[in-house]
Amino acid sequence: MICTANIVRSPIAATLLGARLRERGVSAVVTSAGTHDVDLGATEAAATVAAELGCPIDDHRTRVLTSEIVRVDGADLVLAIARPHLRAVVALEPAALSRTFTLKELVRRSRGEVSRHPESNLATWLGRLAAGRDLRQLLGEDPVDDVEDPYGRSLAAHRRSARELDRLVTELVHAAPW
Numbered sequence: 000m001i002c003t004a005n006i007v008r009s010p011i012a013a014t015l016l017g018a019r020l021r022e023r024g025v026s027a028v029v030t031s032a033g034t035h036d037v038d039l040g041a042t043e044a045a046a047t048v049a050a051e052l053g054c055p056i057d058d059h060r061t062r063v064l065t066s067e068i069v070r071v072d073g074a075d076l077v078l079a080i081a082r083p084h085l086r087a088v089v090a091l092e093p094a095a096l097s098r099t100f101t102l103k104e105l106v107r108r109s110r111g112e113v114s115r116h117p118e119s120n121l122a123t124w125l126g127r128l129a130a131g132r133d134l135r136q137l138l139g140e141d142p143v144d145d146v147e148d149p150y151g152r153s154l155a156a157h158r159r160s161a162r163e164l165d166r167l168v169t170e171l172v173h174a175a176p177w
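Per numbering that gives the first Met the number 0, numbering of the sequence shown is gapless, rising by one per residue and ending at 177.
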């Protein structure tokens with residue numbers, strides 16, 4: 000899970016994804032990183048809302064996005080919280096494009112795909128979902144596939160963002176062939 004500073008959205012989303020996968024009996028390593036190099040923990044507001052969702056992130060430490068994190072022989076799936084994060088991933092590792100999506104984009108593309116194309120392979124499923132992408136859209140600034148950044152805003156804004164992340168992660172966990 001990739002976001003800007005790895006202090007709010009990506010640690011919440013990664014922790015939620017790991018928890019939702021475990022609930023379904025799926026063993027996976029889920030990590031997060033940020034496009035900006037900061038050495039911090041999660042914000043107090045992020046830790047509060049994550050704990051409210053049953054996924055504490057008190058021990059989280061930031062990690063900066065590197066090509067090693069997304070290398071072809073590394074992550075099976077790279078999820079960005081917003082388009083600028085997706086572009087940062089692909090700039091570091093162009094070969095990762097077919098397995099790198101914003102969380103919202105992947106959930107949107109996956110709707111209805113499970114029943115039409117049951118898969119036993121995550122890579123095949125991701126490849127099929129990536130096939131119809133218009134790369135010009137990835138370069139644009141349209142926030143349609145972005146999860147709003149609550150950093151520096153109210154606890155209510157953090158709760159809205161965390162609930163959206165939880166909804167998206169839950170839908171993804173049910174749609175993908177883990």
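Where is the CB? At the ideal position from N, CA and C, for every residue including glycine.
- L78 sits in a strand when the DSSP states are folded into three classes.
- By the C-beta criterion, the segment 128–139 is judged to be in contact with the segment 76–88, since at least 3 inter-stretch pairs fall below 8 Å.
- Straight through space, the alpha carbons of G131 and Y150 are spaced by roughly 33 Å.
- Sequence-distant Cβ neighbours of L96 in its own chain, meaning closer than 6 Å and more than five residues away, are V89.
- Beta-bridge pairing by DSSP links I1 to A32 and A79.
- The criterion of a C-beta distance shorter than 8 Å is satisfied by K103 and V146.
- In this structure L76 does not touch L15 by the C-beta definition: roughly 15 Å separates them, more than the 8 Å allowed.
- Burial check for L154: the Cβ neighbour count within 10 Å stays below 16, so the residue is exposed.
- Within a 10 Å sphere around the beta-carbon of N5 sit 16 or more other beta-carbons, which makes this residue buried.
- Counting only residues of its own chain and dropping the five nearest sequence neighbours on each side, T169 has a CB closer than 6 Å to the CB of R19.
- Here DSSP, grouped into helix, strand and coil, assigns G53 to coil.
- Boundaries of the alpha helix (DSSP H) harbouring T169: L154 to A174, taken from the DSSP string.
- With fewer than 16 other beta carbons inside 10 angstroms of its own, V28 counts as exposed.
- With a contact defined as Cβ atoms closer than 8 Å, V25 and W177 qualify at about 4 Å.
- By the Cβ-count criterion, L39 is exposed, with fewer than 16 other Cβ atoms from all chains shown falling within 10 Å of its own Cβ.
- Beta-carbon to beta-carbon, A87 and T30 are separated by about 16 Å, too far to satisfy the 8 Å threshold.
- Taking all protein chains shown into account, E92 has 16 or more neighbouring C-beta atoms within 10 Å of its C-beta and is therefore buried.
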